[in-house]
Amino acid sequence: MTVVKFTKPPLIEVAFAIELEEEQLSSVHVGLYWQEIRDRFPDATDQEPFLENSNFSGKMLPLRRTVFISSNSTKIIQIQENFFCYNWRYKSEDEYPHFEKIFDDFLYEWNYFNNWWLDTQKENLKLAKYELTYVNLINEELGWKHPNDHAKIFTFIGSHANSVLGSPDLHDVQLVFTLPNDNGELIVQVDQRISESDEDISNILFFRLTTKSFDANKDYVNWFNLAHEYTIQTFLNLTTETIQKEWGLQ
Numbered sequence: 674m675t676v677v678k679f680t681k682p683p684l685i686e687v688a689f690a691i692e693l694e695e696e697q698l699s700s701v702h703v704g705l706y707w708q709e710i711r712d713r714f715p716d717a718t719d720q721e722p723f724l725e726n727s728n729f730s731g732k733m734l735p736l737r738r739t740v741f742i743s744s745n746s747t748k749i750i751q752i753q754e755n756f757f758c759y760n761w762r763y764k765s766e767d768e769y770p771h772f773e774k775i776f777d778d779f780l781y782e783w784n785y786f787n788n789w790w791l792d793t794q795k796e797n798l799k800l801a802k803y804e805l806t807y808v809n810l811i812n813e814e815l816g817w818k819h820p821n822d823h824a825k826i827f828t829f830i831g832s833h834a835n836s837v838l839g840s841p842d843l844h845d846v847q848l849v850f851t852l853p854n855d856n857g858e859l860i861v862q863v864d865q866r867i868s869e870s871d872e873d874i875s876n877i878l879f880f881r882l883t884t885k886s887f888d889a890n891k892d893y894v895n896w897f898n899l900a901h902e903y904t905i906q907t908f909l910n911l912t913t914e915t916i917q918k919e920w921g922l923q
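For the record, in the sequence shown the residue sitting at position 195 is 868 according to my numbering, with numbers rising by one throughout.
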């Protein structure tokens, strides 16, 4: 497994998701499941559902997405009727864990959920797709302030895109790569946003790499390890050596 370490990485979140074949979870299931994990995830909130992951037929409104949050807010489980997601989120005072640690935590929570379902429902969950997402936030401190800085950070963006109106104020990008052997696709997104704080309003850049399987025919442990490898290699290929040095590549 490829191991890449930065002293100042832009990574702020990693998410492992498993989509189910059909709407297998009800609000009753969600409530019962929370009682099982409340010691590890004491806080919960409802959010709008991920409709793109829902097989919503129009017969009734889809179940809202329930978010369970650990006491230190670094671990999150998201549940809706056909969707399980485990998120790790970075906190500034923490050290970055290796992928193996985050992956092991995901596997523990997924296996716990899967076993709980089997014990209570006496049937296996039907898996449909897998998804791995890395979210990077690049701000002025990490080398980005304006779209003119894109070329400094990304190898797939050339020199400044100037026109009679000057350089663009917004430059969002999406790339889609197909993985070999029918393992899915990797989607790269560069999204410019505005960050507001008590003292300042500034531009920030989200750099997301999302790997999605086409189905669940492959073992999910092997698939997530493979997706991680492609994500790391793509991240290194699409970012410049200059910015990698600034981020402290070891």
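Built from N, CA and C at the ideal position, the CB exists for glycine as well.
CB-CB under 7 Å to residue i, same chain, minus the five flanking residues each way: which ones, in chain order?
i      : result
Thr912 : Ile826, Phe827, Thr828
Glu782 : Ile750, Tyr759
Val740 : Ala717, Thr718, Gln720, Ile749, Gln751
Trp790 : Leu798
Phe779 : Phe689, Tyr759
Tyr903 : Leu852, Leu859, Thr884
Leu899 : Asn856
Would you mind sorting residue i into buried or exposed? The rule is 16 or more other CB atoms within 10 Å of its CB.
i      : result
Lys678 : exposed
His823 : buried
Leu843 : exposed
Gly704 : exposed
Pro820 : buried
Asn910 : exposed
Asn809 : buried
Pro715 : exposed
Lys918 : exposed
Ile874 : exposed
Which partner residues of residue i appear in the DSSP bridge assignment?
i      : result
Leu791 : DSSP output for Leu791 lists no bridge partner at all.
Glu902 : Answer is none; Glu902 lacks a bridge partner.
Gln847 : Gln862
Excluding sequence positions up to five away, which residues of its chain have a Cβ less than 6 Å from the Cβ of residue i?
i      : result
Thr806 : Ala688, Thr883
Leu848 : Val861
Glu804 : Ala690, Lys885
Val846 : Val863
Gly921 : Phe679, Thr680, Lys681
Which residues in the same chain as residue i place their Cβ atom closer than 8 Å to its Cβ, once the five residues preceding and following it in sequence are excluded?
i      : result
Arg738 : Asp719, Gln720, Glu721, Pro722, Phe723, Gln751, Ile752, Gln753, Phe756
Arg866 : Asn876, Ile877, Leu878, Phe879
Asn745 : Lys764
Met674 : Phe772, Glu773, Asn898, His901, Glu902
Asp767 : Thr747
Review point. Using 8 Å as the threshold, is the region 697–710 in touch with the region 753–766, meaning 3 or more CB pairs across them?
Key: yes
Point to revise | Inter-stretch contact (C-beta, 8 Å, three-pair minimum) for the region 788–806 and the region 689–697 | key: yes
Point to revise | Whole runs of the beta strand (DSSP E) within the region 717–786, excluding any shorter than 3 residues | key: 738–742, 748–753, 756–762
Point to revise | Complete runs of the beta strand (DSSP E) confined to the region 694–720 [at least 3 residues] | key: 716–720
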